[in-house]
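2 protein chains.
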Amino acid sequence: MKSFNVGIIGFGTVGTGVFKVLQSFPDIKIKKIAVKNVNKKRNIENFDTNLLTDNPYEIVNSPDIDIVIEVAGGVNPTFDILKAALNNKKHIVTANKELLAKKGSELFQIAKQNNVIILYEAAVAGGIPIIMPVKTILCANKINRIAGILNGTTNYILTKMTEKELSYETALKQAQDLGYAETDPTGDVEGFDAAYKLAILSTISFNKKIDINKIYREGITKIKANDIKSAKELGYTIKLIALGQRLENGKIDVRVHPMLVAKKHLLAQVKNATNSIMLSGYPVGDLVFTGAGAGAEPTASSVVGDLLVLVADLETTSNPIPQAVCNHTETAEQIDIGDTFNEYYVSITASNHPGAIGFIGTLFGKNNINISTIMQKGINEDNTAEIIVITERAKEADVQNALKELLKSESIKNIDNLLRVMN
Amino acid sequence: MKSFNVGIIGFGTVGTGVFKVLQSFPDIKIKKIAVKNVNKKRNIENFDTNLLTDNPYEIVNSPDIDIVIEVAGGVNPTFDILKAALNNKKHIVTANKELLAKKGSELFQIAKQNNVIILYEAAVAGGIPIIMPVKTILCANKINRIAGILNGTTNYILTKMTEKELSYETALKQAQDLGYAETDPTGDVEGFDAAYKLAILSTISFNKKIDINKIYREGITKIKANDIKSAKELGYTIKLIALGQRLENGKIDVRVHPMLVAKKHLLAQVKNATNSIMLSGYPVGDLVFTGAGAGAEPTASSVVGDLLVLVADLETTSNPIPQAVCNHTETAEQIDIGDTFNEYYVSITASNHPGAIGFIGTLFGKNNINISTIMQKGINEDNTAEIIVITERAKEADVQNALKELLKSESIKNIDNLLRVMN
Numbered sequence: 031m032k033s034f035n036v037g038i039i040g041f042g043t044v045g046t047g048v049f050k051v052l053q054s055f056p057d058i059k060i061k062k063i064a065v066k067n068v069n070k071k072r073n074i075e076n077f078d079t080n081l082l083t084d085n086p087y088e089i090v091n092s093p094d095i096d097i098v099i100e101v102a103g104g105v106n107p108t109f110d111i112l113k114a115a116l117n118n119k120k121h122i123v124t125a126n127k128e129l130l131a132k133k134g135s136e137l138f139q140i141a142k143q144n145n146v147i148i149l150y151e152a153a154v155a156g157g158i159p160i161i162m163p164v165k166t167i168l169c170a171n172k173i174n175r176i177a178g179i180l181n182g183t184t185n186y187i188l189t190k191m192t193e194k195e196l197s198y199e200t201a202l203k204q205a206q207d208l209g210y211a212e213t214d215p216t217g218d219v220e221g222f223d224a225a226y227k228l229a230i231l232s233t234i235s236f237n238k239k240i241d242i243n244k245i246y247r248e249g250i251t252k253i254k255a256n257d258i259k260s261a262k263e264l265g266y267t268i269k270l271i272a273l274g275q276r277l278e279n280g281k282i283d284v285r286v287h288p289m290l291v292a293k294k295h296l297l298a299q300v301k302n303a304t305n306s307i308m309l310s311g312y313p314v315g316d317l318v319f320t321g322a323g324a325g326a327e328p329t330a331s332s333v334v335g336d337l338l339v340l341v342a343d344l345e346t347t348s349n350p351i352p353q354a355v356c357n358h359t360e361t362a363e364q365i366d367i368g369d370t371f372n373e374y375y376v377s378i379t380a381s382n383h384p385g386a387i388g389f390i391g392t393l394f395g396k397n398n399i400n401i402s403t404i405m406q407k408g409i410n411e412d413n414t415a416e417i418i419v420i421t422e423r424a425k426e427a428d429v430q431n432a433l434k435e436l437l438k439s440e441s442i443k444n445i446d447n448l449l450r451v452m453n
Numbered sequence: 031m032k033s034f035n036v037g038i039i040g041f042g043t044v045g046t047g048v049f050k051v052l053q054s055f056p057d058i059k060i061k062k063i064a065v066k067n068v069n070k071k072r073n074i075e076n077f078d079t080n081l082l083t084d085n086p087y088e089i090v091n092s093p094d095i096d097i098v099i100e101v102a103g104g105v106n107p108t109f110d111i112l113k114a115a116l117n118n119k120k121h122i123v124t125a126n127k128e129l130l131a132k133k134g135s136e137l138f139q140i141a142k143q144n145n146v147i148i149l150y151e152a153a154v155a156g157g158i159p160i161i162m163p164v165k166t167i168l169c170a171n172k173i174n175r176i177a178g179i180l181n182g183t184t185n186y187i188l189t190k191m192t193e194k195e196l197s198y199e200t201a202l203k204q205a206q207d208l209g210y211a212e213t214d215p216t217g218d219v220e221g222f223d224a225a226y227k228l229a230i231l232s233t234i235s236f237n238k239k240i241d242i243n244k245i246y247r248e249g250i251t252k253i254k255a256n257d258i259k260s261a262k263e264l265g266y267t268i269k270l271i272a273l274g275q276r277l278e279n280g281k282i283d284v285r286v287h288p289m290l291v292a293k294k295h296l297l298a299q300v301k302n303a304t305n306s307i308m309l310s311g312y313p314v315g316d317l318v319f320t321g322a323g324a325g326a327e328p329t330a331s332s333v334v335g336d337l338l339v340l341v342a343d344l345e346t347t348s349n350p351i352p353q354a355v356c357n358h359t360e361t362a363e364q365i366d367i368g369d370t371f372n373e374y375y376v377s378i379t380a381s382n383h384p385g386a387i388g389f390i391g392t393l394f395g396k397n398n399i400n401i402s403t404i405m406q407k408g409i410n411e412d413n414t415a416e417i418i419v420i421t422e423r424a425k426e427a428d429v430q431n432a433l434k435e436l437l438k439s440e441s442i443k444n445i446d447n448l449l450r451v452m453n
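One line per chain: the protein sequences are A and B, in this order. For the first sequence, position 408 matches number 438 in this note's numbering, and the numbering has no gaps at all. For the second sequence, position 150 matches number 180 in this note's numbering, and the numbering has no gaps at all.
Here's what the structure looks like:
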């Protein structure tokens with residue numbers, strides 16, 4: 031085996047994990063590690079601090095380095111650094127989902143011009159092998175649908191809300207105390223993180239460029255303990271689902287939002303910070319991949335896996351891994367959320383008034399929405415009633431219209447929540 | 031893209047599935063298909079019967095063919111045919127688990143001598159990507175354990191026994207009527223099929239040659255409706271599990287037998303003919319892969335996937351896919367079932383006699399077996415009692431001894447079943 035020289039950009043949790051795992055592979059030589067603060071104490075035995083630099087360009091401009099591992103994250107200044115690396119003919123292994131979701135198209139173009147490649151298994155679902163399987167062993171398939179739990183933080187919060195009947199706020203606090211959620215949890219709880227991963231996975235699954243700005247996104251902050259309870263009573267559990275579908279007309283439906291998932295569905299069984307992806311295609315049918323979606327060690331499995339595949343290939347050819355080249359010239363036609371079709375869960379507060387349920391039923395019918403379940407959950411102290419409706423498959427725009435019309439009636443006090451349902 | 035010529039050996043369900051999927055890949059030219067009976071009517075539109083031959087050597091000896099797809103199955107005469115193909119420098123894509131489990135070592139040796147490769151994703155778990163992920167993107171890992179539901183027929187039978195409370199015989203009959211089980215079901219229900227797949231998967235997971243004859247194997251024919259019922263009451267479901275473990279002393283524990291799987295375990299959720307594999311390693315942690323383990327289309331996904339990866343690689347190098355080369359010089363030291371450690375479920379028929387439970391407890395204790403649950407299930411008409419024991423982790427040889435000693439007592443009428451438990 032030839033020996034290969036790598037530089038690592040970023041030395042936080044994941045970078046340190048990668049460094050430790052690479053100790054078992056002596057043919058991979060770590061030449062330089064770019065960090066923010068070279069003086070920070072590192073918790074690694076016999077660590078040679080001479081490896082550290084605070085200038086990442088010492089890595090990407092070094093003639094001595096073959097492959098750049100980027101685990102720093104973010105778009106600025108990482109985009110410029112990796113552009114320089116590619117233009118210097120370095121291959122890249124990255125875990126940076128935000129960068130790939132926002133700037134992947136540009137980066138892959140520059141990589142192609144320089145005849146180098148970018149591998150990014152770790153950018154989606156941490157340790158779960160999904161990017162390379164889709165690009166290699168599953169490449170005979172036409173993939174029609176991906177549905178995944180791609181964010182561990184929100185799945186942890188929803189699991190605790192379900193199992194311990196906690197409020198969103200209490201569950202978030204616990205997740206923060208345990209280090210599952212950041213002090214500013216926006217990236218996770220508002221669905222940004224899941225949307226980045228979905229953009230990357232949809233691009234390779236549907237072979238079309240996905241615009242991250244056109245992905246409909248709803249987080250979990252508006253899920254109430256009451257919704258979790260009603261869902262449970264109806265045989266569902268609430269999950270933040272990243273959904274990508276290729277429609278019959280060739281358009282692409284990609285979105286991230288909470289869903290009521292039927293308890294018998296394999297995704298409903300996925301608990302705590304675990305990630306899971308269901309992929310459906312022809313001829314393979316349905317596949318489910320489950321595992322740790324974050325953490326130093328699982329992420330290092332994917333980073334070092336990419337690296338080992340790359341160096342094994344570089345030993346036999348100067349034109350490595352043809353399947354790994356991203357070359358989607360076609361742009362996906364992404365549909366608006368209003369044009370999607372779903373089953374729905376609607377939670378309504380109505381006056382305690384004998385006609386309320388009939389009124390809801392009539393108004394839904396007028397908007398082409400069939401109701402499959404309707405449940406009134408007793409009378410509140412203020413003489414209002416909580417009504418839960420589950421609909422059959424309907425068009426989102428029709429449902430939004432129906433809800434607007436409902437609110438015009440005096441007997442409807444509030445639409446407490448609207449969620450989509452996966453059976 | 032260059033164009034590649036392939037020959038297909040075997041044209042049953044899987045072969046026909048592969049043929050159909052390959053119609054979407056015009057750069058792969060099917061030159062010849064070897065069948066038993068060239069005159070048999072084939073249910074394929076516009077099929078050119080000139081492709082057929084009843085002599086597979088027309089394929090393996092043809093200078094015109096680059097890659098041989100083998101989906102005929104069995105060891106004889108397939109072994110000799112594939113040996114000839116390798117010696118003629120043909121790459122092979124095969125779904126033949128029995129052949130690889132019994133003769134893989136020889137075939138991989140011959141492939142290596144001829145600088146060609148054998149790909150076999152379809153041989154284990156049909157459409158589920160597992161072989162290539164283990165050999166590529168997961169190659170940074172030390173895999174310590176695999177536990178899988180690798181046989182759809184037995185999982186279907188056990189699911190029906192559980193959900194509809196059927197006897198083994200009735201569930202088998204239904205599986206046969208639906209085409210899930212063969213007229214002679216031995217290969218499935220006695221665990222041979224799962225053992226072949228386990229041998230292949232263990233070899234690549236532990237990087238050591240596994241001797242199929244040393245894999246302990248127990249089928250599902252002795253599972254009674256009563257066992258399913260007791261397991262359910264205790265929070266378990268019974269599954270045929272293919273288990274491979276790397277022990278701390280470096281020895282390998284590989285076996286196929288039914289197990290009580292805790293209901294919260296992801297493998298317990300896998301129903302009907304679905305397959306699932308849990309893989310545990312460092313640094314990735316636990317991964318679970320679930321999907322269709324058989325059937326024309328899922329199997330074709332893996333066969334054509336292997337083929338497309340191979341041809342993409344052959345376009346850039348004459349020395350393809352280094353990770354795909356099997357080169358295990360070391361032979362696994364496989365331990366005997368008596369030396370394994372497990373938790374156990376024991377079903378005992380005892381005389382209805384006040385000392386029976388005490389006697390069992392004392393005797394188990396004497397044999398270093400701690401009991402975690404003991405349950406007497408009422409008194410039978412013949413004045414016997416059914417007693418269910420769940421033990422803590424104990425050595426199999428100790429458990430076998432205890433059961434032998436139990437049977438010497440007049441108060442113990444029968445050991446109805448001994449099963450292992452996975453929590």
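Each residue gets a CB set at the ideal place from its N, CA and C atoms; glycine is no exception. In this text the structure is predicted, and so the values were computed from the model without any measurement.
Which of helix, strand or coil DSSP assigns to Ala362 (chain B): Ala362 (chain B) sits in coil when the DSSP states are folded into three classes, being neither helix nor strand.
Cβ-based contacts, 9 Å cut-off: residues of the segment 328-343 of chain B near chain A: Within the segment 328-343 of chain B, the residues whose Cβ lies closer than 9 Å to some Cβ of chain A are Pro328, Thr329, Ala330, Ser331, Ser332, Val333, Val334, Gly335, Asp336, Leu337, Leu338, Val339, Ala342, Asp343, listed in chain order.
Whole-angstrom distance between Lys443 (chain B) and Ile250 (chain A), CA atom to CA atom: Rounded to the nearest angstrom, the gap between the Cα atoms of Ile250 (chain A) and Lys443 (chain B) is 58 Å.
Members of the segment 168-192 of chain A near chain B, C-beta cut-off 7 Å: Within the segment 168-192 of chain A, those residues whose Cβ lies closer than 7 Å to any Cβ of chain B are, in chain order, Leu168, Cys169, Ala170, Asn171.
Limits of the alpha helix (DSSP H) - the one that Lys62 (chain A) falls within: Run containing Lys62 (chain A): none in the alpha helix (DSSP H); it sits in the beta strand (DSSP E), 58-64.
C-beta contact flag for Phe456 (chain B) and Lys133 (chain B) at 9 Å: Only positions 31 to 453 of chain B appear in the structure, and residue 456 (chain B) is not among them; the question remains open.
Cβ of Pro107 (chain A) within 9 Å of any chain B Cβ: Not one chain B Cβ lies under 9 Å of Pro107 (chain A).
Start and end residues, alpha helix (DSSP H) containing Leu433 (chain B): In the DSSP assignment, Leu433 (chain B) falls within the alpha helix (DSSP H) that extends over 426-438.
With 16 other Cβ atoms within 10 Å as the buried cut-off, status of Asp223 (chain A): When all chains shown are included, Asp223 (chain A) counts as buried.
Identified DSSP bridge partners for Ile445 (chain B): In the DSSP output, where bridge partners are listed per residue, Ile445 (chain B) has B:Ile378.
Simplified DSSP state of Ser331 (chain B), which is helix, strand or coil: In this structure, Ser331 (chain B) counts as helix in the three-state DSSP scheme.
Among B:Leu433, B:Ile399, B:Ile404, nearest to Glu422 (chain B) - alpha-carbon criterion: Here the closest residue by C-alpha is B:Ile399.
Ranges of the beta strand (DSSP E) found wholly within the segment 50-113 of chain A, counting only runs of at least 3: 58-64, 97-100, all fully within the segment 50-113 of chain A.
Contact test: Asn243 (chain B) Cβ vs the ligand SAM heavy atom, cutoff 8 Å: The model on display carries no ligand, and the ligand SAM is accordingly not part of it.
Closest by C-alpha distance to Leu129 (chain B), when choosing among B:Gly103, B:Gly395, B:Gln364, B:Leu116: It is B:Gly103.
Three-way DSSP call (helix, strand, coil) for Lys132 (chain B) in this model: Three-state DSSP puts Lys132 (chain B) in a helix.
Minimum Cβ-Cβ distance from Thr46 (chain A) to chain B less than 9 Å: Thr46 (chain A) does not count as touching chain B.
Any C-beta of chain B under 9 Å from that of Gly315 (chain A): So, interface residue.
Under 7 Å (Cβ pairs) to chain A, residues found in the segment 143-167 of chain B: Those residues of the segment 143-167 of chain B that come within reach of chain A (Cβ to Cβ, closer than 7 Å) are Glu151, Gly157, Ile158, Pro159, Met162, Pro163, Thr166, Ile167.
Straight-line Cα distance separating Asp214 (chain B) from Ile187 (chain B): Going by the C-alpha atoms only, they are around 15 Å apart.
Exposure of Thr79 (chain B), with buried meaning 16 or more beta-carbon neighbours within 10 Å: Exposed: under 16 other Cβ atoms inside 10 Å.
Residues that DSSP places opposite Lys239 (chain A) in a beta bridge: In the DSSP assignment, the residues bridged to Lys239 (chain A) are A:Thr361.
Contact under 9 Å by Cβ, Pro86 (chain A) with Gly47 (chain B): Against a cut-off of 9 Å, the Cβ pair of Gly47 (chain B) and Pro86 (chain A) comes out as no contact.
Residues sharing a beta bridge with His121 (chain B), DSSP: Under DSSP, His121 (chain B) shares a beta bridge with B:Ile97.
Inter-residue Cα distance where the pair is Ala125 (chain A) and Val154 (chain A): Ala125 (chain A) and Val154 (chain A): Cα-Cα distance of roughly 8 Å.
Reference Ile97 (chain B), options B:Val334, B:His383, B:Ile418, B:Leu393, closest by Cα: Residue B:Val334 is the option with its Cα nearest to Ile97 (chain B).
Interfacial residues, the segment 36-69 of chain B to chain A, with Cβ spacing under 9 Å: When CB distances to chain A are screened at a threshold of 9 Å, the residues of the segment 36-69 of chain B falling below it are Gly47, Lys50, Val51, Leu52, Ser54, Phe55, in chain order.
Cutoff 7 Å; reference Gly157 (chain A); Cβ partners in own chain excluding five residues on either side: Counting only residues of its own chain and dropping the five nearest sequence neighbours on each side, Gly157 (chain A) has a CB closer than 7 Å to the CB of Gly321, Ala322, Pro328, Thr329, Ser331, Ser332.
Helix, strand or coil at Ser33 (chain A) [DSSP, three-state]: Judged by DSSP in its simplified three-state form, Ser33 (chain A) adopts coil rather than helix or strand.
Which of helix, strand or coil DSSP assigns to Tyr186 (chain B): Helix, per DSSP.
Test: Phe34 (chain A) CB closer than 9 Å to a CB of chain B: False, the Cβ-Cβ gap to chain B never drops below 9 Å.
Nearest residue (CA-CA) to Thr183 (chain B), options B:Val65, B:Tyr210, B:Ile240: Closest by alpha carbon: B:Tyr210.
Leu112 (chain B) versus Ile122 (chain B): straight-line alpha-carbon distance, rounded: Roughly 8 Å separates the two Cα atoms.
Where the segment 218-252 of chain B meets chain A: residues whose CB sits under 7 Å from a CB there: Listed by position, the residues of the segment 218-252 of chain B near chain A (Cβ gap below 7 Å) amount to none.
For Arg285 (chain A), the nearest candidate out of A:Ser377, A:Ala225, A:Asn73 (CA to CA): If we check each option's Cα against that of Arg285 (chain A), A:Ala225 comes out closest.
Cross-chain neighbours of Leu297 (chain A) in chain B, by beta carbon under 7 Å: By Cβ distance, chain B contributes nothing, its closest Cβ being about 11 Å from Leu297 (chain A), past 7 Å.
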